[in-house]
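Novice: Numbering (the working numbering), first residue to last: 24 to 104. For each residue, glycine too, the CB sits at the ideal point set by N, CA and C. The structure's right below; bear with me while I get my questions together.
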């Protein structure tokens with residue numbers, strides 16, 4: 024939480040209650056913007072994570088398919104003789 028200091032002139036114009044209300048308002052706006060920024064970063068991270076997960080699954084099936092045909096080829100060559 025950040026500390027907001029008001030200048031003496033502004034504090035005199037607003038009174039103590041007005042200054043407190045202004046500080047509370049600025050604090051709420053700041054926390055809402057921080058929450059929105061954090062939510063946006065979380066969504067971006069989840070999107071990138073799902074993209075990476077899909078790529079890993081794709082390459083896993085490609086390698087399994089390749090290994091299967093390599094084993095079939097070795098067995099075919101072995102039993103052919």
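Can you find the residues in the same chain that come closer than 8 Å, C-beta to C-beta, to residue 96, ignoring five residues on each side of it along the sequence?
Specialist: Around residue 96: no qualifying Cβ.
Novice: To the nearest angstrom, how far is it from the Cα of residue 54 to the Cα of residue 40?
Specialist: 21 Å
Novice: Counting only runs of 4+ residues fully inside the stretch 30-76, write out the alpha helix (DSSP H) ranges in chain order.
Specialist: none
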